[in-house]
Amino acid sequence: MPNQDLIEKYARLAVQTGANVQKDQPVVIRATTETRELVRAITKEAYLAGAKRVHVQWNDDYVSRLGYEHMSEETLQDIPEWVVNQTQHFIDIGACFISITSPIPGLNAGLDSSKIQKAGIASMKKLSFFQNHMMGNKAQWTIVAAPNTVWSEKVFPDKQGKDAVEAMWDAIFTACRVREDNDPIQEWDAHNETLRKHNKILNDFQFDQLHFKNSLGTDITLDLVENHVWAGGDETTTTGTSFNPNIPTEETFTMPHKTGTNGKVVATKPLNYQGNLIEDFWLEFKDGKVVDYDAKKEKDTLKNLVEFDEGSSYLGEIALISYDSPIQNSGILFLNTLFDENASCHMALGRAYPMNVEDGTNMNPKELEEIGYNQSMAHSDFMFGSEDLQVTGKTKDGKEVIIFKDGNFVI
Ligand code: ZN
Ligand code: ZN
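The working numbering numbers the first residue of the sequence shown as 623 and each following residue consecutively.
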């Protein structure tokens, strides 16, 4: 088993640096039954940090699979009122949210993906107020990860059972800067400072357009919205509490203009979506919209993502990460976006983040739409960074500035 001290450190990092739990604040942990050990450690650290009450919302992916298999489409789309009420209650009491991701790759293989899709859409529609709460930074929230056997064995195919799980814990700790000989909370303070510097340089340039090009066939331009804000690392709630939405995070990201993307982007890592792995895929955009795409594996799943709703065929995020990053250097493909997106430059199909434009969190949906914000119930990152990626920024007066050379930041 992994060192209990490291799990405790990781739990403390999730509570203090991630959610930044405040004295007397309720905490909601959203987790699967695979992650009991970390749930207990986080619960303990949350109480030590002064949490008023810790609520755990359990989910079991195998039970969910049985539901997709046996429930009627109609029942799957009928979201019980108590789920809505419970979610609203957590918002009303001012809770912060800690999600533990522990994906089971391939779990939903063989199921009717359009049924899963419809269930997902129904749930997101009914709970869109919660998405707005989180995406609008109205409360602190964070996502961390914990291993499960299936995932670990898939990532480390030459290891089995406990050995694979232990290797996965090690990989997670390394990616999250949790080591025996350090104080990860201090190290994250320094890391946040570095990300702030990148954000500042890019914000000062206020590029009109970014151009991405590499030898794999990526050749694409993205217009950025006026008064865009590059963010990354820690964020602040609308009431002034800082938090880190993702642990780990290496990215600095902003908002592309909904209708300003043109060209082709070739993915460099597989994308795990709806329990399926989309591999070797590319997308082509015209005036912001996906007009063509292909995938060597799971093209139907990619279709589900692109056609999820109107906004899921447009971009909502562009993120820059040097190829020379801790997760990329580890050489491990995590098969999970929380990690893999931090190894590589990525874009997201779907919803944009209001905070990526000045005063965005105070704008209503109509105002956001007018400045080029993309609205969607989906948000899915896909990776396209490579060791020869060149990124050029064009300023308002037409000057070109090289941002990335050979995969890495040069400004
Ligand atoms: Zn991102
Ligand atoms: Zn994203």
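For glycine and all other residues, C-beta sits at the position ideal for the given N, C-alpha and C.
If distances are taken between C-alpha atoms only, which option among Lys748, Tyr895, Asn958 comes closest to Ala731?
Locating residue 731 in the sequence shown gives position 109, where the first residue counts as 1. The shortest C-alpha separation from Ala731 is found at Tyr895.
Scan the stretch 646-700 and note each continuous alpha helix (DSSP H) run of 4 residues or more that stays entirely inside, going in chain order.
658-670, 683-692, 695-698
Would you identify the three-state DSSP class for Phe961, choosing helix, strand or coil?
Looking up residue 961 in the sequence shown gives position 339. Helix, per DSSP.
Below 8 Å, how does it come out for the stretch 744-760 and the stretch 790-797: are there three or more Cβ pairs, yes or no?
no
For Lys886, which of helix, strand or coil comes out of DSSP?
For the purposes of this step, residue 886 is taken as residue 264 along the sequence shown, with counting starting at 1. Strand at Lys886.
Give a yes or no on whether the C-beta atoms belonging to Phe1026 and His968 are separated by under 9 Å.
If you number the sequence shown from 1, residue 1026 lands on position 404. If you number the sequence shown from 1, residue 968 lands on position 346. No, Cβ-Cβ distance for Phe1026 and His968 is not below 9 Å.
Am I right that Ala965 and Ile949 are in contact with their C-beta atoms under 8 Å? What's the rounded C-beta distance?
Your numbering for residue 965 matches position 343 in the sequence shown. Your numbering for residue 949 matches position 327 in the sequence shown. About 4 Å; that satisfies the 8 Å criterion.
Who does Ser1002 pair with in a DSSP beta bridge?
What you label residue 1002 is simply residue 380 of the sequence shown in a count that begins at 1. DSSP lists Leu971 as partners of Ser1002.
From Ala717 to Ile1024, what distance separates their C-alpha atoms?
Here residue 717 is taken as the residue at index 95 of the sequence shown, counted from 1. Here residue 1024 is taken as the residue at index 402 of the sequence shown, counted from 1. Answer to the nearest angstrom: the Cα atoms are 43 Å apart.
Is it buried or exposed, Arg675, if we count other Cβ atoms within 10 angstroms and call 16 or more buried?
By one-based count along the sequence shown, residue 675 stands at place 53. Arg675 comes out exposed.
Minimum C-alpha distance to Ile743 - residue among Ser934, Thr959, Asn958, Glu991
Walking along the sequence shown from the start, residue 743 turns up at place 121. The residue with the shortest Cα to Cα distance from Ile743 is Ser934.
On the three-state DSSP scale, how would you describe Asp785?
Taking the first residue of the sequence shown as position 1, residue 785 is located at position 163. Asp785 falls in the helix class under three-state DSSP.
Hey, is Asp1003 close to ligand 2, as in C-beta under 8 Å from one of its heavy atoms?
The residue you call residue 1003 lines up with position 381 of the sequence shown. Yes.
Buried or exposed by the 16-neighbour rule on C-beta atoms within 10 Å, applied to Val766
Within the sequence shown, the letter at position 144 stands for residue 766. It counts as buried.
Secondary structure of Ser721, DSSP reduced to three states
Along the sequence shown, one-based indexing puts residue 721 at 99. Strand.
So, for Asn958: in the same chain, excluding its five sequence neighbours on each side, which residues have a beta-carbon less than 8 Å away from its beta-carbon?
The count along the sequence shown starts at 1 and reaches residue 958 at position 336. So the qualifying residues of the chain are Thr723, Pro725, Ala767, Trp773, Asn894.
Endpoints, beta strand (DSSP E) assigned at Val913:
As a first step, residue 913 must be located in the sequence shown, where it is residue number 291. From DSSP, the beta strand (DSSP E) with Val913 extends over 911-919.
If you compare alpha carbons, which of Asn868, Asn707, Leu660, Phe778 is closest to Trp763?
Locating residue 763 in the sequence shown gives position 141, where the first residue counts as 1. Taking only the C-alpha atoms, the option nearest Trp763 is Asn868.
I want to check one thing, is the minimum distance from the CB of Phe930 to the heavy atoms of ligand 2 below 8 Å?
What you label residue 930 is simply residue 308 of the sequence shown in a count that begins at 1. No, since every heavy atom of ligand 2 falls outside the 8 Å radius drawn around the Cβ of Phe930.
Any chance the CB of Phe907 is under 8 Å from a heavy atom of ligand 1?
Translated into the one-based positions of the sequence shown, residue 907 becomes position 285. Not under cutoff, so the answer is no.
Bridge partners - Trp904, DSSP secondary structure assignment
Locating residue 904 in the sequence shown gives position 282, where the first residue counts as 1. Beta-bridge pairing links Trp904 to Val888, Asp916.
Considering only residues of the same chain and omitting the five flanking positions on each side of Lys918, which have a CB-CB separation below 6 Å?
On the sequence shown, residue 918 is found 296 positions in, with the first residue counted as 1. For Lys918, where only same-chain residues beyond five positions count, the Cβ hits under 6 Å are Glu901, Asp902.
Do you know offhand how far Gly1029's Cα is from Ile651's?
Locating residue 1029 in the sequence shown gives position 407, where the first residue counts as 1. Locating residue 651 in the sequence shown gives position 29, where the first residue counts as 1. Their Cα atoms are separated by approximately 37 Å.
Could you compute how far the alpha carbon of Gly982 sits from the alpha carbon of Asn707?
Residue mapping note: residue 982 aligns to position 360 of the sequence shown, counting from 1. Residue mapping note: residue 707 aligns to position 85 of the sequence shown, counting from 1. If I take the Cα positions, the gap works out to 27 Å.
Alpha-carbon to alpha-carbon, Leu817 and Gln647:
By one-based count along the sequence shown, residue 647 stands at place 25. By one-based count along the sequence shown, residue 817 stands at place 195. If you take the alpha carbons of Gln647 and Leu817, they lie about 28 Å apart.
Proximity below 9 Å, CB of Pro806 to CB of Thr657
By 1-based counting over the sequence shown, the position of residue 806 is 184. By 1-based counting over the sequence shown, the position of residue 657 is 35. It is not a contact, given that the beta carbons lie outside the stated cut-off.
For my contact list, Thr876 and Asn978 are in at a C-beta cut-off of 8 Å; report their separation, rounded to the angstrom.
For the purposes of this step, residue 876 is taken as residue 254 along the sequence shown, with counting starting at 1. For the purposes of this step, residue 978 is taken as residue 356 along the sequence shown, with counting starting at 1. At roughly 5 Å, the Cβ-Cβ gap stays under 8 Å, so Thr876 and Asn978 are in contact.
Considering only residues of the same chain and omitting the five flanking positions on each side of Ile664, which have a CB-CB separation below 7 Å?
Position 42 of the sequence shown, counted from the start, is the residue given in the question as residue 664. So the list reads Ala633, Ala636, Val637, Ile651, Ile720, once near-sequence residues are dropped.
According to DSSP, what are the bridge partners of Gly839?
Reading the sequence shown from its first residue, position 217 is the one you call residue 839. Answer by DSSP bridge pairing: none, since Gly839 is not bridged.
I'd like the list of long-range same chain contacts for Gln997, defined as Cβ closer than 6 Å, with 5 residues on each side in sequence excluded.
In the sequence shown, counting from the first residue as 1, residue 997 sits at position 375. Correct list, in chain order: Gly933.
Is the beta carbon of Ala1000 closer than 9 Å to that of Phe930?
Sequence index remark: in the sequence shown, residue 930 carries index 308 (1-based). Sequence index remark: in the sequence shown, residue 1000 carries index 378 (1-based). Cβ distance < 9 Å, so Phe930 and Ala1000 count as in contact.
Quick one, are the C-beta atoms of Ala889 and Leu905 less than 9 Å apart?
Indexing the sequence shown from 1 puts residue 889 at position 267. Indexing the sequence shown from 1 puts residue 905 at position 283. Going by C-beta atoms, Ala889 is nearer than 9 Å to Leu905.
Within a Cβ cutoff of 7 Å, which residues of the same chain sit near Thr771, ignoring the five residues on either side of it in sequence?
Start at 1 with the first residue of the sequence shown, and residue 771 comes out as number 149. Cβ neighbours of Thr771 beyond the five flanking positions: Gly783, Ala786, Val787.
Counting C-beta neighbours from all protein chains within 10 Å, is the total for Ser1002 16 or more, i.e. buried, or is it exposed?
Here residue 1002 refers to the residue found at position 380 when the sequence shown is read from its first residue. By the neighbour-count rule (16 or more Cβ atoms within 10 Å), Ser1002 is buried.
Over what stretch of residues does the alpha helix (DSSP H) that includes Gly742 continue unbroken?
To locate residue 742, count along the sequence shown from 1; it is residue 120. Run containing Gly742: 735-748, per the alpha helix (DSSP H) assignment.
In terms of residue numbering, what span does the alpha helix (DSSP H) encompassing Ile629 cover?
Residue 629 sits at position 7 when you count from the first residue of the sequence shown. Run containing Ile629: 626-635, per the alpha helix (DSSP H) assignment.
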